[in-house]
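Numbering follows my numbering, with no gaps: position 7 of the sequence shown is 54.
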Amino acid sequence: MTRMFTMMSAAMLLLSTAGLSAQSDQPQTAAASRADASLKVSLVFARYQGDKKISSIPYTLWVTANQQRTSLRMGTQIPVPSTVFNKEAEKPQLSYNYRDVGTNIDCAATSVSDGTYRLVITISDSSVYYPDQSDSAVRSTTAATGAPAFRNFNSTFTLVLRDGQTAQSTSATDPVSGQIVKLDATLNVQK
Numbered sequence: 048m049t050r051m052f053t054m055m056s057a058a059m060l061l062l063s064t065a066g067l068s069a070q071s072d073q074p075q076t077a078a079a080s081r082a083d084a085s086l087k088v089s090l091v092f093a094r095y096q097g098d099k100k101i102s103s104i105p106y107t108l109w110v111t112a113n114q115q116r117t118s119l120r121m122g123t124q125i126p127v128p129s130t131v132f133n134k135e136a137e138k139p140q141l142s143y144n145y146r147d148v149g150t151n152i153d154c155a156a157t158s159v160s161d162g163t164y165r166l167v168i169t170i171s172d173s174s175v176y177y178p179d180q181s182d183s184a185v186r187s188t189t190a191a192t193g194a195p196a197f198r199n200f201n202s203t204f205t206l207v208l209r210d211g212q213t214a215q216s217t218s219a220t221d222p223v224s225g226q227i228v229k230l231d232a233t234l235n236v237q238k
């Protein structure tokens with residue numbers, strides 16, 4: 048009888064150890080799958096003049112939650128005229144320099160805990176701006192010549208988001224035009 052009791056105790060100990068081992072494997076497997084989760088990151092870059100939305104540009108990036116960086120480069124080169132004075136020529140000559148205008152986005156993600164993900168996003172946006180004659184800040188220079196101005200926006204930020212969550216990462220006012228720039232980010236885990 049004592050031997051049977053000892054065998055039953057040993058069997059129960061083995062079963063409970065196997066159960067604990069199986070339970071400890073499950074969270075690791077879930078954590079491993081979150082580390083390789085495919086994430087859809089949606090960014091909306093919007094400009095406002097007061098309360099009126101004047102532009103809204105969406106971007107979508109696919110990121111894996113493994114700290115690998117995803118990059119987007121989109122834009123064009125704008126010709127900027129410049130006058131060259133040559134001693135030998137009677138008239139000044141017009142030449143062009145090209146300037147890059149567009150959007151650059153870098154995004155990396157890592158799984159944090161409890162179904163949240165840390166996003167590190169860097170965005171750089173440049174655009175051509177033709178000021179209004181009524182814009183006193185630039186009327187004396189750019190508006191008077193008709194030449195365009197070039198706007199630049201750069202931001203690096205970190206967000207911790209859950210699946211389906213949206214956050215406004217940036218809200219800034221352009222000191223020249225008075226326009227408000229807002230950047231919203233949404234995270235969706237792809238299953």
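Virtual Cβ for every residue (Gly too), placed ideally from N, Cα, C.
This structure is a prediction, so every number in the text was calculated from the model and none was measured.
Could you give the distance in angstroms between the alpha-carbon of residue i and the alpha-carbon of residue j?
i, j, result
"Pro74", "Gln237", "Bear in mind that the predicted position of Pro74 carries a pLDDT of just 45, short of 50, making it too unreliable to give a figure here."
"Ile125", "Val91", "24 Å"
"Ser129", "Leu141", "6 Å"
"Ile104", "Val175", "15 Å"
"Gln70", "Val159", "The predicted model places Gln70 with a pLDDT of 42, which falls under 50 and marks its position as unreliable, so this point remains unresolved."
"Phe197", "Ser173", "7 Å"
"Asn199", "Asp153", "16 Å"
"Ser68", "Lys100", "Because the pLDDT of Ser68 is 42, which lies under 50, any placement of that residue in the model is unreliable, and the number read from its coordinates should be weighed accordingly. Taking the straight line joining both Cα atoms gives about 56 Å."
"Ala136", "Pro195", "28 Å"
"Ser133", "Pro139", "Per the sequence presented here, residue 133 reads as Asn, with Ser not at that position. Roughly 7 Å between the two C-alpha positions."
"Trp109", "Arg146", "29 Å"
"Gln114", "Asp98", "37 Å"
"Pro222", "Asn201", "14 Å"
"Ala93", "Ser102", "5 Å"
"Val131", "Gly225", "34 Å"
Rounded C-beta distance between residue i and residue j? I'm assuming under 8 Å.
i, j, result
"Asn144", "Val127", "5 Å"
"Asp83", "Thr117", "Wrong, their Cβ atoms sit about 14 Å apart, outside the cutoff."
"Thr123", "Val88", "Rounded, the Cβ-Cβ distance is 24 Å, inconsistent with contact."
"Asp231", "Gln212", "At roughly 11 Å, the Cβ-Cβ gap does not stay under 8 Å, so Asp231 and Gln212 are not in contact."
Please state if the CB of residue j and the CB of residue i are separated by a distance shorter than 8 Å.
i, j, result
"Ile227", "Thr220", "yes"
"Ala156", "Leu86", "yes"
"Leu234", "Tyr177", "no"
"Tyr106", "Lys229", "no"
"Arg209", "Gly162", "yes"
With which residues is residue i paired in a DSSP beta bridge?
i, result
"Ala196", "Tyr176"
"Gly149", "Gly122 and Ser173"
"Asn201", "Ser171"
"Pro139", "For Pro139, which the question treats as bridged, DSSP gives no partner whatsoever."
"Lys100", "Tyr95"
"Ser158", "Tyr164"
"Asn113", "Thr157"
"Asp231", "Val91 and Gln215"
"Asn144", "Val127"
"Gln226", "Per DSSP, none; premise fails for Gln226."
Meets three-Cβ-pair contact criterion under 8 Å: the region 153 to 171 and the region 202 to 211: A contact is defined here as three or more CB-CB pairs under 8 Å, and the region 153 to 171 meets this definition with respect to the region 202 to 211.
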